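Numbers 149 to 501, taken from the numbering used here, label the letters of the sequence shown in order.
Everything below concerns the one structure shown next.
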Amino acid sequence: MTKFVPGRAVIVAISGYPYVDALPRAVLNDASDIASTLGDPKFCGYDPSKIHMLMERDATRDNILRAIDQNVESLTRDEPFFFFFSGHGDRHGEVSSERSYLLGYQATLDDHDVTAISDADLVERLDNLPSYRQVVILDACHAGGMGTIKAARGRVKPKGIGASAPQNLSSGRGRVIFTSCRSDEVAVVLDGARNSVFTTSILRGLQGAARSKDDGTIGIFDLFDYVADDVASRSFQHPIFKTDNLETNFSVARGTPRAQNSPALPPAMQPIDDVVQALSELYPLGPMQGEIWARAGGDVSRLVIVGQGRTQWFSALRLLRQGGGGTTERELLEKVLDEYPGNTSIKAILQPI
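Here it is as C-alpha cells:
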C-alpha cells in the first residue's frame, strides 16, 4: 500500500479589499475550512505548523510570495505543496499578451506590479520549490458574480483571471492547477451558504466523497473528477483542470480503502485514473496515437494536446464525461478492445455493460 505523505500549504483569502469591490464572508470561510481539512488527521493529516494562513490585511503581495519562498529549503520532492487563493483576480492586455494577476489586500487596478501577483511571478516562485506534487487552487473568478456591479464608495470590480492563466501556471513538473470556473464565467456563492460552490466541492472531495484509489487514498485526478461533476450539478460554472507535466495520480487525501468485494461500476463511473492507466499503457503518446480517438468517432478538434500522454488521456476522458468530444467513453473503449481483444484491463472496465 502506498504511504500517504502529508504536505505543506499556503492558504490565502481576502474579502474586505479596501480599494476594489469587497467579496462575501464565504471567501474567508473557504480558506479556514480548507486549512482545517488539510490539518485534520482523518482527512489529510498536515502538520498544522506547516499550514501558513494569510487572511485579509495580512495577505499582501509581499507576504504571499514570502510565505511560498519559506518552503524552498524545507520541502522535499515527494512532499505535496498546496496553494489555495480565494479572492479577486484581474487581467490586463490583449489576448495574445494577456497577463493575469491575483490581487493582494492593498491592490488597486492601476499598480498590479506593486500590489498584485502576476501569473509569471507565481510560476517563478513555484518553480523554485523542489516538490513534484504541487496543487494550486484558485477561486479567483468572482468578478461580476458575487456582488453588485459596483460596490459602495465607487469601488471598481476586477475582471477575474484570464483564460490563459491556468495553462501558464501549469508549466512546472508535477504541478496541477484547479480554477473555479472558465474565464467567461463567475464563481458562485449560494444564498446562505458557508462556502462557495467550488470550495464546497473541494472540501467534500478531500473529506472522502471523491472516489479513492485501490490503496484507499484519494488521487489528484480523482479529486478533480469529483469536483467537476459536483460543481456542475449545483451551478452553471465549470472548473478548469490544467497540468503540463504530470505522470502520477499522486495522493492528496487519506480517503477510505475500497472494499475488496465492492461491485464494479459502469465505465462512465469507473475511477478516471483506472481508465487513464489502461489507455496510457496501450497508447502512451495520448489519444492521437494510432488515430484511436478519431477511429472511435471522436472530434479531434476538441482535444487539448498538451503535456504527456497520460495528461492528455485525463483531459480527453474528462471531456467525454462532460458530454463533449464527439463520442462516448464506451465507444472509445470498445474501439480499443477491437484493436487489443485480449487486454484484460479494458475487458474489466467494459464488463458491467
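We treat Cβ as the ideally placed atom computed from N, Cα and C, and that holds for glycine.
All values reported here derive from a predicted model rather than from experimental measurement.
Looking at Gly-434, Asp-258 and Leu-351, the one whose alpha-carbon comes closest to that of Leu-371 is Leu-351. When C-alpha distances from Asp-378 are compared across Arg-173, Gly-403, Ser-349 and Lys-390, the shortest belongs to Ser-349.
Under the rule that a run must span 3 or more residues, the beta strand (DSSP E) segments found entirely inside the region 196-235 read 199-203 and 229-234. Contact annotation: Ser-344 and Ser-234 have beta-carbon atoms nearer than 9 angstroms.
In this structure, the beta-carbon distance from Asp-238 to Leu-257 falls below 9 angstroms. For Leu-213, same chain residues with a beta-carbon under 8 angstroms away, outside a window of 5 residues either side, are Ile-265, Asp-269 and Arg-273 in chain order. Only buried fits Val-284, as 16 or more other CB atoms lie within 10 angstroms of its CB.
For secondary structure counted as the alpha helix (DSSP H) over 4 or more consecutive residues, the region 367-402 holds these complete runs in sequence order: 368-382. The beta carbon of Phe-369 sits closer than 8 angstroms to those of Asn-397, Ile-420, Asp-421, Val-424 and Phe-462, all from its chain and outside the five residues before and after it, given in chain order.
With fewer than 16 other Cβ atoms from the protein chains shown falling within 10 Å of its own Cβ, Glu-221 counts as exposed.
Annotation: the continuous alpha helix (DSSP H) that includes Phe-462 extends over 457-469. Taking each of Gly-353, Ala-161, Asp-275 and Arg-443 in turn and checking the Cα distance to Asn-211, the smallest one comes out for Ala-161. Counting C-beta atoms within 10 angstroms of its own C-beta, Gly-438 has fewer than 16 neighbours from the protein chains shown and is therefore classed as exposed.
Assigned with DSSP and collapsed to three states, Ser-180 falls in helix. When secondary structure is reduced to three states using DSSP, Thr-476 falls in the coil class, being assigned neither helix nor strand. An exposed status is given to Asp-261, since fewer than 16 other beta-carbon atoms sit within 10 Å of its beta-carbon. For the pair Ala-207 and Gly-252, the CB atoms are nearer than the 9 angstroms cut-off. When the five nearest sequence neighbours on each side are left out, the beta carbons in the same chain lying within less than 7 angstroms of the beta carbon of Val-336 are those of Gly-293, Ser-344, Val-345, Ser-383 and Gln-385, in order along the chain.
Thr-327 places its beta carbon less than 9 angstroms from that of Asp-287. In this structure, Ala-358 is the residue among Met-201, Ala-358 and Leu-465 with its C-alpha nearest to the C-alpha of Arg-402. If the five residues before and after Gly-187 are omitted, its C-beta is found closer than 6 angstroms to the C-beta atoms of Tyr-194, Pro-196 and Ile-199, all from its own chain and listed in chain order.
With respect to Arg-247, His-240 sits close: the two C-beta atoms are nearer than 9 angstroms. When only Cα atoms are considered, Ala-496 and Leu-430 end up about 15 angstroms apart. In this structure, Ala-341 lies away from Ala-170, with their beta-carbon atoms at least 9 angstroms apart.
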